[in-house]
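Below is one structure; the comments refer to it alone.
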Amino acid sequence: MLADPPSRPTQWQRQPSPLARLGCAAWIGVVVWISLTPFSGWRDIGIAPFDFLFAPPPRYITSLDIASNVAGYLPLGALLAWSLHPRLRGATAVIVAALLCALLSGAMEALQTWLPNRVSSNLDLAANAAGGLAGALLGAASGPALLDRSRLRQWRNRWYERDAAVGLVIAGLWLLAQIPPQTLPFGTGRLVTPVFDALALWAGEPVEGPEWWTLSAGSAMAFEAASAATGLAVGVLFALLPMRARTPAAPRLAVGFVVLLLALVLRCAGDALMFSGDDWLAWMTPGARLGCVAGAGLALLASLLPAGGRRAAFWLLLGASVAVVNVAPDNPYLAATFASSHAAGWRHVRSLLAALALAWPAMAIGWLGRRGSAG
Numbered sequence: 001m002l003a004d005p006p007s008r009p010t011q012w013q014r015q016p017s018p019l020a021r022l023g024c025a026a027w028i029g030v031v032v033w034i035s036l037t038p039f040s041g042w043r044d045i046g047i048a049p050f051d052f053l054f055a056p057p058p059r060y061i062t063s064l065d066i067a068s069n070v071a072g073y074l075p076l077g078a079l080l081a082w083s084l085h086p087r088l089r090g091a092t093a094v095i096v097a098a099l100l101c102a103l104l105s106g107a108m109e110a111l112q113t114w115l116p117n118r119v120s121s122n123l124d125l126a127a128n129a130a131g132g133l134a135g136a137l138l139g140a141a142s143g144p145a146l147l148d149r150s151r152l153r154q155w156r157n158r159w160y161e162r163d164a165a166v167g168l169v170i171a172g173l174w175l176l177a178q179i180p181p182q183t184l185p186f187g188t189g190r191l192v193t194p195v196f197d198a199l200a201l202w203a204g205e206p207v208e209g210p211e212w213w214t215l216s217a218g219s220a221m222a223f224e225a226a227s228a229a230t231g232l233a234v235g236v237l238f239a240l241l242p243m244r245a246r247t248p249a250a251p252r253l254a255v256g257f258v259v260l261l262l263a264l265v266l267r268c269a270g271d272a273l274m275f276s277g278d279d280w281l282a283w284m285t286p287g288a289r290l291g292c293v294a295g296a297g298l299a300l301l302a303s304l305l306p307a308g309g310r311r312a313a314f315w316l317l318l319g320a321s322v323a324v325v326n327v328a329p330d331n332p333y334l335a336a337t338f339a340s341s342h343a344a345g346w347r348h349v350r351s352l353l354a355a356l357a358l359a360w361p362a363m364a365i366g367w368l369g370r371r372g373s374a375g
């Protein structure tokens, strides 16, 4: 009897990545926001939008400016290359992704011609294009291994639902929203401040809250603890919601721990970036420390619940978190701290992340509502 011929090794199936494409769209939004904010004061100064291409290089530009431009477009180049996979691969993906980065940068520089306090620069365009090319090379080289046959892809397919990409992007946006200092640690959805700002703009004078609405030392500690506990638990729990209902407890605990660790690292990195390296733990007040411990415990305990229990716990904690951050008075020292820090050059990034923190609960609610109606 003849032996069966040896079976061929399993070939990895090339497949597109919805997560990469959503991340690419989100990063394009980031680039547009940072390039064109504050989206007001448009004026024609008699310069054609593409005159900057033939202008002499700017006299005053630092290596940090160039590095920031390269760093801003490098992720975009990689995300574009991953988004084109598997339809376009190799050199073709590099060329297309790099050209798209250069075209986007050129469009942003041209639009800046009509914005106050913005200077269109061919050096910025060159740095952005270089960052996009470097990212495209990195993305094209890593795409097959990362998107087709990586262990990360296997874990994603095994633990998460097929339609989890949008939820995972929103979970990543929550992590990014933790970078800039907020009125309260890990707080999102604070509507009180923009409402008061709008009222002040309408009234033509500052609008203040009632006399009792002040931040004493005791109330500050309580608000910080409550915000850190509920906000941290909300972010960790949300990352678990797109997981398959029958995912074992160990992967849920692992994902929860990773999200928790990333949130703490990014919060520390935000202070180190916005202020100075010596102040990277300035946000860790006694109230915040207590809240972080409580939030970690809440999140890890809730991760052991079945899918329905995790969803109910998330809704409860999200409501509590939004209530806490909107009841708390403004921190009078926050604006002064920003003004005295060396973070002025990051003001556009900070404004974007602050807007993200404001809108994040609405994004989470919208995704959960759509997921519930679809189910």
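With full-length UniProt numbering, letter number 236 in the sequence shown gets 236, and the count goes up by one each step, no holes. Quick reminder that beta carbons are idealized off the backbone N, C-alpha and C, glycines included.
Problem - Cβ distance (whole Å) where Phe-223 is taken to contact Leu-184 below 8 Å - result: Residue mapping note: residue 223 aligns to position 223 of the sequence shown, counting from 1. Residue mapping note: residue 184 aligns to position 184 of the sequence shown, counting from 1. Indeed they touch by this definition, with Cβ atoms about 6 Å apart.
Problem - Own chain partners of Leu-358 with C-beta closer than 8 Å, once the 5 adjacent residues on each side are dropped - result: Working through the sequence shown from its first residue, we reach residue 358 at position 358. So the qualifying residues of the chain are Thr-188, Gly-189, Arg-190, Leu-191, Pro-194.
Exercise for the section: Pull up the distance between the alpha-carbon of Leu-266 and that of Met-243, whole angstroms please. Expected result: Taking the first residue of the sequence shown as 1, we reach residue 266 at position 266. Taking the first residue of the sequence shown as 1, we reach residue 243 at position 243. Spanning the two alpha carbons is a distance of roughly 24 Å.
Handout entry: Phe-196 vs Ala-110 beta-carbon contact at 8 Å
Key = Against the sequence shown, residue 196 aligns to sequence position 196. Against the sequence shown, residue 110 aligns to sequence position 110. Cβ atoms of Phe-196 and Ala-110: not closer than 8 Å.
Practice task
Count the other CB atoms, across all protein chains shown, that sit within 10 Å of the CB of Gly-106; report buried if there are 16 or more and exposed otherwise.
Solution key: For the purposes of this step, residue 106 is taken as the residue at position 106 of the sequence shown. Classification for Gly-106: buried.
Problem - Identity of the residue in Ala-20, Pro-18, Ser-121, Val-32 nearest Ser-351 by Cα - result: Here residue 351 refers to the residue found at position 351 of the sequence shown. The option with the nearest alpha carbon to Ser-351 is Val-32.
Handout entry: For Gly-135 and Pro-75, believed in contact at Cβ under 8 Å, the rounded distance
Key = What you label residue 75 is simply residue 75 of the sequence shown in a count that begins at 1. What you label residue 135 is simply residue 135 of the sequence shown in a count that begins at 1. Indeed they touch by this definition, with Cβ atoms about 6 Å apart.
Exercise for the section: Note down, in chain order, each residue of its chain lying with its Cβ closer than 7 Å to the Cβ of Trp-212, except the 5 sequence neighbours on either side. Expected result: To locate residue 212, count along the sequence shown from 1; it is residue 212. Here the model assigns Trp-212 a pLDDT of 46, short of 50, so the residue's position is not dependable, and the following value carries that caveat. Result list for Trp-212: empty, nothing under 7 Å.
Handout entry: Unbroken alpha helix (DSSP H) run spanning Asp-271, endpoints
Key = The residue you call residue 271 lines up with position 271 of the sequence shown. Its alpha helix (DSSP H) spans residues 249-274.
Exercise for the section: Answer yes or no: do His-348 and Ile-47 have a C-beta to C-beta separation smaller than 8 Å? Expected result: Position 348 of the sequence shown, counted from the start, is the residue given in the question as residue 348. Position 47 of the sequence shown, counted from the start, is the residue given in the question as residue 47. No; because the gap between Cβ atoms is not below 8 Å, this pair is not in contact.
Exercise for the section: Have a look at Gly-23 and Ala-233 and give me their C-alpha separation to the nearest angstrom. Expected result: Translated into the one-based positions of the sequence shown, residue 23 becomes position 23. Translated into the one-based positions of the sequence shown, residue 233 becomes position 233. So the two alpha carbons sit approximately 24 Å from each other.
Problem - Beta-carbon proximity of Pro-116 to Gly-41, cut-off 8 Å - result: Taking the first residue of the sequence shown as position 1, residue 116 is located at position 116. Taking the first residue of the sequence shown as position 1, residue 41 is located at position 41. Contact: yes.
Practice task
Would you check if the distance between the CB atom of Val-70 and the CB atom of Ala-127 is smaller than 8 Å?
Solution key: Counting from 1 along the sequence shown, the entry for residue 70 is found at position 70. Counting from 1 along the sequence shown, the entry for residue 127 is found at position 127. A contact, by the Cβ cut-off of 8 Å.
Problem - Closest Cα partner of Trp-360 within the set Glu-161, Leu-260, Gln-178 - result: Along the sequence shown, read from residue 1 onward, the residue named residue 360 stands at position 360. Taking only the C-alpha atoms, the option nearest Trp-360 is Gln-178.
Exercise for the section: In the DSSP assignment, find the alpha helix (DSSP H) that holds Thr-92 and state where it starts and stops. Expected result: Sequence index remark: in the sequence shown, residue 92 carries index 92 (1-based). Run containing Thr-92: 90-111, per the alpha helix (DSSP H) assignment.
Exercise for the section: Indicate the three-state DSSP secondary structure (helix, strand or coil) for Met-363 in the structure shown. Expected result: Stepping through the sequence shown from its first residue, residue 363 is reached at position 363. DSSP places Met-363 in helix when its eight states are reduced to three.
Practice task
Please state if the CB of Gly-72 and the CB of Ala-140 are separated by a distance shorter than 8 Å.
Solution key: Counting from 1 along the sequence shown, the entry for residue 140 is found at position 140. Counting from 1 along the sequence shown, the entry for residue 72 is found at position 72. The answer is no: Cβ separation not under 8 Å.
Problem - Closest residue to Leu-100 among Leu-147, Gly-287, Ala-239, Gly-132 (Cα-Cα distance) - result: Here residue 100 refers to the residue found at position 100 of the sequence shown. Comparing Cα positions, the closest option is Gly-132.
Handout entry: Residue(s) in a DSSP beta bridge with Tyr-160
Key = The residue given as residue 160 occupies position 160 in the sequence shown. Paired residues: Met-243.
Problem - Same chain, Cβ closer than 8 Å to Ala-269, neighbours up to 5 away in sequence not counted - result: For the purposes of this step, residue 269 is taken as the residue at position 269 of the sequence shown. These residues qualify, in order along the chain: Ile-179, Trp-280.
Problem - Whether Leu-237 touches Ala-307 by CB criterion (8 Å) - result: Your numbering for residue 237 matches position 237 in the sequence shown. Your numbering for residue 307 matches position 307 in the sequence shown. Cβ distance not < 8 Å, so Leu-237 and Ala-307 don't count as in contact.
Exercise for the section: Keeping to the same chain, check which residues put their C-beta closer than 7 Å to that of Trp-283; ignore five residues upstream and five downstream. Expected result: The count along the sequence shown starts at 1 and reaches residue 283 at position 283. Excluding its 5 nearest sequence neighbours in each direction, Trp-283 has C-beta neighbours in its own chain below 7 Å: Pro-181, Pro-185, Arg-267, Asp-271, listed in chain order.
Problem - Spatial distance of Trp-114 from Arg-59 (CA atoms) - result: Counting from one through the sequence shown, the residue named residue 114 turns up at place 114. Counting from one through the sequence shown, the residue named residue 59 turns up at place 59. The straight-line gap from Cα to Cα measures roughly 21 Å.
Exercise for the section: Grab the span of the alpha helix (DSSP H) containing Pro-75 for me, first residue to last. Expected result: Position 75 of the sequence shown, counting from 1, holds the residue named residue 75. Unbroken alpha helix (DSSP H) run through Pro-75: 63-84.
Problem - Nearest to Leu-261 (by Cα), restricted to the options Leu-36, Gly-235, Leu-273 - result: The residue labelled residue 261 in the question sits at position 261 within the sequence shown. Selected option, being the one with the closest Cα: Gly-235.
Handout entry: Backbone CA spacing between Leu-146 and Ile-45 [nearest angstrom]
Key = Indexing the sequence shown from 1 puts residue 146 at position 146. Indexing the sequence shown from 1 puts residue 45 at position 45. Looking at the two C-alpha atoms, the distance is approximately 47 Å.
Problem - DSSP three-state assignment for Arg-370, whether helix, strand or coil - result: On the sequence shown, position 370 is the one that residue 370 refers to. Arg-370 falls in the helix class under three-state DSSP.
Handout entry: Helix, strand or coil at Leu-133 [DSSP, three-state]
Key = Within the sequence shown, numbered from 1, the residue matching residue 133 stands at position 133. Leu-133 falls in the helix class under three-state DSSP.
Practice task
Thinking Ala-165 and Trp-82 are a contact (beta carbons under 8 Å), I'd like their distance in whole angstroms, please.
Solution key: Locating residue 165 in the sequence shown gives position 165, counting from the first residue. Locating residue 82 in the sequence shown gives position 82, counting from the first residue. About 13 Å; that fails the 8 Å criterion.
Problem - Distance CB(Gly-287)-CB(Ala-220) smaller than 8 Å - result: The residue labelled residue 287 in the question sits at position 287 within the sequence shown. The residue labelled residue 220 in the question sits at position 220 within the sequence shown. Cβ distance < 8 Å, so Gly-287 and Ala-220 count as in contact.
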